[in-house]
Each structure stands twice: as C-alpha cells, then as structure tokens.
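Below: one structure, written as structure tokens.
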Amino acid sequence: MKTHILQYLSYILGRPAQQIYSSDSLENDLQLDSIDRMDLIFKLENMFGVELSADEIEKVNTVDDLCFAFEHSHSLLTH
67 MKTHILQYLS
77 YILGRPAQQI
87 YSSDSLENDL
97 QLDSIDRMDL
107 IFKLENMFGV
117 ELSADEIEKV
127 NTVDDLCFAF
137 EHSHSLLTH
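Residue numbers (our numbering): 67 to 145.
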C-alpha cells in the first residue's frame, strides 16, 4: 500500500517517488495546503475502498502518517 501511495504522490506532485520521504511533511515539504491534503485523502480513500475517521485524518501530517492511517484502516477491513 505504501508503494501505491508514494506512486500517487509522485504523480500528483510531478516528482520521482525516490524524492518523497516518509518523514516529509505534507504541508511544509510537499507544499500541500489543507484543501490539497483533503483532496489527496479523499482520492486515496476511494482508491483503497476505506474511509478514515476525522481523528485519523487529523493525525496525518507526514507521508508516514498517511501510509500508516491507510494501512491501519485497510487491515481493519480485512479482519
């Protein structure tokens, strides 16, 4: 799942996935404002067939946070 998220970020940002790091801040490093961030999360929710709670979304600040939130939500669906 992390690979798919990195590939999607690479696509929307127009930069190689190798230049996107787990510790990158969505806002400060990747220059995503709050609207871009919500749009990204919405598209990933549709892509993976999961819905993040408001609490989970609030905790998403870095690429790693984003991946963890989706991996966690996806694992809840499969158990």
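For glycine and all other residues, C-beta sits at the position ideal for the given N, C-alpha and C.
Fair warning: this is a prediction, and the values are worked out from it, not measured in the lab.
The criterion of a C-beta distance shorter than 7 Å is satisfied by Q73 and A83. Boundaries for D99: no alpha helix (DSSP H) harbours it, and the DSSP string shows neither H nor E there. A direct Cα-Cα distance of roughly 10 Å separates V129 from A135. V116 places its beta carbon less than 7 Å from that of H140.
When the beta-carbon positions are compared, R81 and L92 stay at least 7 Å from each other. Rounded to whole angstroms, N94 and S100 show a C-alpha spacing of 11 Å.
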